[in-house]
Structures are given as C-alpha cells and as structure tokens.
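Colleague: All residue numbers for the sequence shown refer to the working numbering, where the first residue is 97 and numbers rise by one.
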Amino acid sequence: MSWLSLLPEGAVRGLRGLILKMGRGMDPQKMMDQSQRKATRMIPYAAKHSAAYRTLLREHGMGDEALREPLAWKNLPVLTKQNTFGRFALSELARDVPTQDLADVLTSSGRGGRSFGFRLTVRDQHEEGWFDIDLGLQDVFDVDQRSTLLVNCLPMGVVFRSRAVTVANVSVREDMACSILRDVGPRFQQTVLCTDPLFIRALLDEAQAAGVDWRALHTSVIIGEEILVESQRDYIAARMGIDLDGGGTRLIGSSFGVGELGLNLLFETRETIRIRRAALRHAEMAAMLGRTDGGEAMSSLFCYNPLRSYIEILDPDSDGYGEMCVTMLDRQAVIPLPRYTTGDMARLLTAQEVKALSAQTGTAPPWLPMVAVRGRIKDRPDGVPSVEGVKDCLYQDHALADQLTGAFKILPQTGGVVRVVFQARTDAAAEQGDVLRGLQRLLRARWQAEHVVEVLSPATFPWHPMLDHERKFAYLESSRV
97 MSWLSLLPEG AVRGLRGLIL KMGRGMDPQK MMDQSQRKAT RMIPYAAKHS AAYRTLLREH
157 GMGDEALREP LAWKNLPVLT KQNTFGRFAL SELARDVPTQ DLADVLTSSG RGGRSFGFRL
217 TVRDQHEEGW FDIDLGLQDV FDVDQRSTLL VNCLPMGVVF RSRAVTVANV SVREDMACSI
277 LRDVGPRFQQ TVLCTDPLFI RALLDEAQAA GVDWRALHTS VIIGEEILVE SQRDYIAARM
337 GIDLDGGGTR LIGSSFGVGE LGLNLLFETR ETIRIRRAAL RHAEMAAMLG RTDGGEAMSS
397 LFCYNPLRSY IEILDPDSDG YGEMCVTMLD RQAVIPLPRY TTGDMARLLT AQEVKALSAQ
457 TGTAPPWLPM VAVRGRIKDR PDGVPSVEGV KDCLYQDHAL ADQLTGAFKI LPQTGGVVRV
517 VFQARTDAAA EQGDVLRGLQ RLLRARWQAE HVVEVLSPAT FPWHPMLDHE RKFAYLESSR
577 V
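1) Please go through the same chain and pick out, in chain order, the residues whose beta-carbon is closer than 7 Å to the beta-carbon of S243, but skip the five residues on each side of it.
2) Does the beta-carbon distance from E573 to L507 come in below 7 Å?
3) Under 8 Å by Cβ, that's how I've got P293 and I319 pegged, so tell me the actual separation to the nearest angstrom.
4) According to DSSP, simplified to helix, strand and coil, what is V174?
5) For T438, count neighbouring C-beta atoms within 10 Å of its own C-beta (all shown protein chains included) and say buried if the count is 16 or more, exposed if not.
6) Check this for me: beta carbons of R377 and G337, under 7 Å apart or not?
7) Considering only DSSP beta bridges, list what E105 is partnered with.
8) Note down, one range per segment and in chain order, each beta strand (DSSP E) of at least 3 residues found wholly within the stretch 243 to 295.
9) Please state the DSSP three-state secondary structure of E321.
10) Please say whether V480 and V514 have beta carbons closer to each other than 7 Å?
11) Should E566 go down as buried or exposed, given a rule of 16 or more other Cβ atoms within 10 Å for buried?
12) Look at the alpha carbon of L359 and the alpha carbon of Q234, and state the distance between them as a whole number of angstroms.
13) Can you grab the Cα-Cα spacing for the pair T423 / Y141, in whole Å?
14) Under a three-way DSSP split, which group does F212 fall into?
15) So, at 6 Å on beta carbons, what are the nonlocal neighbours of S575 in its own chain, with the 5 sequence-adjacent residues on each side left out?
16) Report the CB separation of A447 from P124 in whole angstroms; it is logged as a contact under 8 Å.
17) If you reduce the DSSP assignment to three classes, tell me which class A199 lands in.
18) Decide if L186 is buried, meaning its Cβ has at least 16 other Cβ atoms within 10 Å, or exposed.
19) Count the other CB atoms, across all protein chains shown, that sit within 10 Å of the CB of G110; report buried if there are 16 or more and exposed otherwise.
20) Label D197 either buried or exposed according to how many other C-beta atoms from any shown protein chain fall within 10 Å of its C-beta, with 16 as the threshold for buried.
21) Quick check on I409: does DSSP put it in helix, strand or coil?
22) Please look up how many angstroms separate the CB atoms of V239 and A264, rounded, as I've assumed it's under 8 Å.
23) Assuming K451 is part of the alpha helix (DSSP H), what are its boundary residues?
24) Look at I409 and A190 and say whether their C-beta atoms are less than 7 Å apart.
25) Would DSSP call S131 helix, strand or coil?
26) Compare the C-alpha of L289 against each of C274, D279 and A379 and name the closest.
27) What residue range does the alpha helix (DSSP H) around H494 cover?
28) Which residue spans inside the stretch 324 to 354 form an unbroken beta strand (DSSP E) run of at least 3?
29) In whole angstroms, what is the alpha-carbon distance linking L153 and K170?
30) D87 to G119, Cα distance in whole Å?
31) In three-state terms, what does DSSP make of M424?
32) Does the Cβ-Cβ distance between V469 and Y571 come in under 7 Å?
33) According to DSSP, is M441 helix, strand or coil?
Spelled out as structure tokens, the structure:
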C-alpha cells in the first residue's frame with residue numbers, strides 16, 4: 097500500500113493545495129529543463145528493462161552508450177505502435193514484473209484495425225493513480241471545496257478512481273447516466289460529465305426526455321477520445337445552458353490521452369479555452385497559431401504537466417507543426433516507451449507566444465506549458481477536407497445539428513471529388529431537403545473543391561454498426577491505419 101493511501105483526507109487535501117501552489121510558483125523554464133533531464137534518464141531505464149528497446153537501439157547504431165550520458169537525443173529511435181507492439185511480444189517490451197504485482201491493463205483504441213497497444217500498471221502506481229486525477233480536478237473544479245459527482249461515460253474500459261469526488265463509471269449507457277444525474281446528482285454541489293463528442297449527442301437527447309436539469313445540477317463537461325471543435329462546444333453549451341464567455345464556474349473542456357501512455361496527458365484549462373475562443377475572433381491571434389485558412393478548424397490548445405511527460409515535435413513545418421512525440425517520465429513504467437509518437441499534428445508554444453496570446457485575450461497565462469493540436473495526421477490528407485473542418489461546419493447551425501447524430505464519413509473519390517455522408521437522427525430528418533441544403537451551404541462556404549453531400553437515415557448509414565460508441569469512429573475512409 098502506498099503512503100498516499102495512508103494519509104487522512106484532511107492531509108491529502110492539504111497536500112493537493114501545497115503542490116498546486118508550488119507548481120504555480122515554479123519558474124516555467126526550470127520546469128521544462130527538469131522535464132528534459134528526466135526524459136534523458138528514461139533512456140538507460142528503458143534500455144535496462146526492455147529487450148525490445150535494446151534491439152531498437154542496436155539497430156540505430158547505439159549500444160551500451162545509450163546507458164551513459166550525455167545522449168545524442170535526436171539520434172535515438174522514434175517509437176511507433178507498429179515498431180513496438182506490432183513487432184515485439186509483450187515479454188520483450190515490458191520489464192520483468194510478477195503477475196501478482198500487476199493491478200491494471202489499459203489498451204489503445206484499436207482504431208488501426210487489430211493492432212493494440214497496452215499500458216500495464218503495478219499496484220503502487222495504481223494505488224496512487226487517484227492522486228493525479230484529484231489534483232487535476234481540484235485545479236479546475238475546486239473539488240476540495242465543493243462536493244462533486246463525476247459521471248464517467250467514456251467507453252473501452254476507461255475508469256476513474258478518486259478520493260476527492262464520487263465517481264459513477266457507467267460507460268456508454270445514456271439511460272443509466274441520466275438516471276444517476278437526475279436522481280443522485282441533486283445531493284451534490286456540482287456534477288461533472290466525462291464523455292466523447294459522439295456519445296454526448298445521444299446523452300443530451302436522453303437527458304431531455306428524462307428531465308435532467310443541467311443548470312440545477314451545475315454540470316460541467318469534459319470531452320475525451322476526439323478533438324473538440326469550437327462550434328460543437330457552443331452547441332453543447334446551448335443545449336446545457338452553459339454561458340461559455342460569461343465568467344461562470346461551469347465549463348466544457350477537452351482532455352487528450354493515449355492508451356499506451358496514460359490518460360489526460362493534455363488538458364484544456366479555463367485560460368486555454370478563452371485563448372482559443374478569442375483566436376477565432378482575432379485574425380492576428382489565429383495567425384500566431386498557424387491558422388491562415390478560414391476553412392480550417394482552429395487548433396486545440398492544451399496544457400500538459402512537464403514533470404509527467406516530455407513532449408517534442410518531430411519534423412515541424414513552417415508553422416511549427418509536426419508529429420507529437422511523448423516520453424513519459426515514470427520510473428515505475430512497466431513498458432517504457434521513450435520518444436513514442438501519437439500520430440497527431442501538434443506544435444509547442446513558446447513562453448513568449450503564450451504570454452502574447454494571453455495578453456490579447458485579457459486572461460492570465462496558464463501556469464503550465466501549452467501545446468496546439470490540429471488533429472490526427474492521417475485524418476488530414478491533401479485534397480480532402482479535414483475531419484475537424486467538417487465537424488466545425490456540422491455544428492455551426494444548431495437547428496441543423498439537432499437533426500444529425502454527429503457521425504459522418506469522408507470518402508475520397510476518383511477524379512478528386514470528395515463525398516461527405518452524414519447520418520441523420522431520424523428517417524424524417526434524412527428526407528428533409530432543408531437538412532441536405534443546409535449542409536451543402538455550410539460545406540461550400542468552407543471547402544471550394546468539388547464535393548458531394550449526402551444525408552442518410554440511421555439504418556441506411558452503412559457504417560452504423562461501427563457507431564456503437566464502444567470504439568472510436570473513423571470519419572475518414574483512409575484513417576483506418
């Protein structure tokens with residue numbers, strides 16, 4: 097049992113407050129320097145404990161020297177799901193741990209087909225996992241001061257453990273979630289809903305039928321699994337009665353995790369949300385974030401904890417965007433994966449950029465470093481509208497969005513034509529010419545290349561068996577890689 101688990105609740109709350117106070121007062125550059133030093137020390141750790149990593153080092157012409165510092169960091173192998181989990185057995189990837197010491201297994205989404213990555217957690221890590229979750233909840237929601245019910249509707253076996261909030265892990269059962277919120281939620285001062293951008297559509301409809309009062313429950317939302325575009329944040333806020341720009345305590349935020357590495361690696365804060373929304377209104381800010389094409393969705397803006405993970409950007413373009421590469425800094429990691437690529441296009445923001453963006457927004461700079469994420473690289477092929485761009489169109493008109501499930505498929509055709517097929521909520525909506533014409537108008541305003549728009553009923557949408565909310569939906573035909 098970890099020492100954290102032995103502390104009384106009052107001491108745990110005090111420790112959370114102390115850590116957050118110290119973190120906010122820490123020099124950002126010192127934090128980043130410490131992150132890089134810790135990342136360097138993960139290389140000999142991985143070489144010692146992972147036979148697979150030793151093989152990869154040798155193939156890159158790096159043998160025993162990888163156990164010594166200083167390292168030629170840029171010469172180290174870059175890891176992917178294919179050259180790790182797709183190539184090596186688990187026994188070659190993981191350090192030798194007795195099976196009775198393993199407490200938890202988390203898989204990747206399997207979006208690439210039958211290729212899964214894994215994160216194994218030993219019991220000491222597992223018993224302390226709640227502390228990091230509670231630290232983040234306190235930072236955003238003041239859960240030590242306000243009783244909180246967290247309803248977790250994330251799929252694929254993702255569960256939360258907490259000592260600061262009450263957790264209901266219901267997965268993708270909207271009826272269960274709404275029953276708990278309606279009947280149990282009023283006992284708490286606030287509620288937090290964790291879900292994904294597609295499932296929340298079903299949940300909002302169920303909540304309306306079940307009589308869930310989001311305002312009375314003081315409900316905030318954390319969105320995971322996919323990039324949250326700003327127009328959908330507006331749509332969700334309108335459905336739930338949340339004033340996004342009025343300075344209230346309720347929010348709709350986004351969280352980014354990687355199954356093989358960990359949950360909540362990147363996370364929005366109140367400050368990053370304000371900055372992103374301001375950038376939509378100010379061209380100068382948008383240009384600072386690399387958005388010069390009005391048809392493109394605004395990059396998501398996240399913070400991350402540099403003492404938990406070291407982030408670098410590989411092969412950046414002229415705007416500074418390249419593939420995000422993460423090194424987790426946990427010396428208890430069962431499967432060490434230094435320099436592991438996530439498949440996402442991202443850019444690290446400098447302290448000067450963060451300061452300038454914050455000043456133009458009129459908000460305090462976040463106390464943690466920021467990263468801008470455009471989305472999955474393989475969801476952004478040339479000549480095809482990006483998944484995020486189509487999502488942004490879908491939610492521009494709330495009355496139109498009410499008629500759709502949020503699922504769509506982008507299908508590149510021969511001759512450069514692109515089909516975009518949307519799933520309607522009902523048969524009647526699929527037959528309404530207004531829905532089709534509205535989507536055509538919105539996409540035409542954002543995407544000038546030749547494209548065809550279709551709206552299909554729930555049953556005739558040919559990808560609906562994949563839309564079971566238990567797995568990530570592939571919006572782009574070529575994204576199943």
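Each residue gets a CB set at the ideal place from its N, CA and C atoms; glycine is no exception.
Modeller: Result, derived from the coordinates:
1) Here the set comprises F284 and Q285.
2) Judged by beta-carbon spacing, L507 lies within the 7 Å limit of E573, meaning their Cβ atoms are closer than that value.
3) So it is a contact: roughly 6 Å between Cβ atoms.
4) It is coil, neither helix nor strand.
5) T438 comes out buried.
6) 7 Å or more divides the Cβ of R377 from the Cβ of G337.
7) DSSP, once it has assigned bridges, lists no residue as partnering E105.
8) Counting whole runs of 3 or more residues, the stretch 243 to 295 contains the beta strand (DSSP E) stretches 244 to 248, 262 to 265 and 286 to 291.
9) In the three-state reduction of the DSSP assignment, E321 falls in the coil class.
10) Taking 7 Å as the Cβ cut-off, V514 and V480 qualify as a contacting pair.
11) Its Cβ having fewer than 16 others within 10 Å, E566 is exposed.
12) Computed Cα separation, rounded: 17 Å.
13) Distance between the alpha carbons of T423 and Y141: 12 Å.
14) In the three-state scheme derived from DSSP, where H, G and I count as helix and E and B as strand, F212 is classed as coil.
15) Low confidence applies to S575: its pLDDT is 43, below 50, so where it sits in the model is not reliable enough to give any reading.
16) The C-beta distance from A447 to P124 rounds to 6 Å, short enough to fall under 8 Å.
17) If DSSP states are grouped into helix, strand and coil, A199 belongs with the strands.
18) Burial call: exposed.
19) By the 10 Å Cβ count, G110 comes out exposed.
20) For D197, the number of other beta carbons within 10 angstroms of its own is below 16, and it is reported as exposed.
21) In the structure shown, the three-state DSSP call for I409 is strand.
22) That belief does not hold up - the Cβ atoms of V239 and A264 are roughly 15 Å apart, past 8 Å.
23) Counting along the chain, the alpha helix (DSSP H) containing K451 begins and ends at A447 to T457.
24) Taking 7 Å as the Cβ cut-off, I409 and A190 do not qualify as a contacting pair.
25) Note: S131 maps to helix in three-state DSSP.
26) Residue nearest to L289 within the set C274, D279 and A379 is C274 (criterion: CA-CA distance).
27) Taken as a continuous stretch (DSSP letters only), the alpha helix (DSSP H) holding H494 covers H494 to A497.
28) DSSP runs (the beta strand (DSSP E)) wholly in the stretch 324 to 354: 348 to 354.
29) If you take the alpha carbons of L153 and K170, they lie about 12 Å apart.
30) The chain is shown from 97 up to 577; residue 87 falls before or after that span and cannot be answered.
31) DSSP places M424 in strand when its eight states are reduced to three.
32) Taking 7 Å as the cut-off, the Cβ atoms of V469 and Y571 do not count as close.
33) Reduced to three states, the DSSP call for M441 is strand.
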